[in-house]
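Colleague:
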Amino acid sequence: MSGIDERLFQAVRTDDVDAAVAALKSGASANYIHVEEDTTVRDRVPVLYAACKKQNKELVELLLAHGADPNAEYDQSATWGSEHEPCLFGALSPSGPVKHPSAEIVRALLESGADPNVPRVWRENFNNEVFAINRAWGNQELIALLRAYGAGK
């Protein structure tokens, strides 16, 4: 972990596009993975995943333009099991004040090579692309977009 990479992550966490641009210009990696640990849990959060969860289209596009891996996965290892969730799932299940996924963010990920068939793993149970489509909240535009990029094939 470098200080500049952590500054990028904090900029994304606070929706500060200008600070994210400055961090990237200073050499921060768009593929940086922030690690948080306590006695029972270890979270590995790709900076792109954090931007997807926050539904910040400008930050998602900025990170992708700087080479962020659209298939990067959030990873949580805990005493009770583990969770692995690709950025696409993060985009389909926003956190914070935004409650519904953005088709523009999903499209940006798919256009950058996100695989709509990468499974989400939760406590060692695989959930296939149908789960990704279910995460589309019944939004027909999102479902059609996922299918157009091969979901379910």
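With this note's numbering, the residue at position 28 of the sequence shown is 31, and numbering never jumps. No residue lacks a Cβ here, since even glycine has one placed at the ideal position from N, Cα and C.
1) State the CB to CB distance for the pair serine 105 and glutamine 58, rounded to an integer number of angstroms; the pair is presumed to be in contact (CB under 8 angstroms).
2) Exposed or buried, what is histidine 103 when buried is set at 16 or more other beta-carbons lying within 10 Å of its beta-carbon?
3) Spatial neighbours of glycine 70 within its chain, please: C-beta separation below 8 angstroms, excluding the five flanking residues on both sides.
4) Looking at the secondary structure, which residues open and close the alpha helix (DSSP H) in which valine 121 lies?
5) Please report the distance separating the alpha-carbon of valine 121 from that of glycine 155.
6) Aspartate 46 lies in the beta strand (DSSP E); which residues open and close that run?
7) Using DSSP with H/G/I as helix, E/B as strand and the rest coil, what is aspartate 21?
8) Tell me the DSSP bridge mates of isoleucine 36?
9) Quick one: what's got a C-beta closer than 7 angstroms to arginine 110's C-beta in the same chain, skipping five residues either side?
10) Check this for me: beta carbons of leucine 112 and alanine 94, under 8 angstroms apart or not?
11) Of all the options Ala31, Leu51, Ile36, Asp46, which has the alpha carbon lying nearest to the alpha carbon of aspartate 18?
12) Quickly, what does DSSP pair proline 89 with across the bridge? List them, please.
13) List the whole-angstrom C-beta distance separating proline 119 from glycine 153, where the pair is believed to meet the contact cut-off of C-beta under 8 angstroms.
14) Between the Cα of valine 38 and those of Cys55, Glu9, Lys28, spot the shortest distance and give me the residue it belongs to.
15) Taking 8 angstroms as the threshold (C-beta atoms), are valine 15 and leucine 62 in contact?
Modeller: Result, derived from the coordinates:
1) 5 angstroms
2) exposed
3) Ala33, Asn34
4) Counting along the chain, valine 121 falls outside any alpha helix (DSSP H), and DSSP gives it neither H nor E.
5) 10 angstroms
6) 44 to 49
7) helix
8) Pro49
9) Leu148
10) yes
11) Leu51
12) Glu76
13) 6 angstroms
14) Glu9
15) yes
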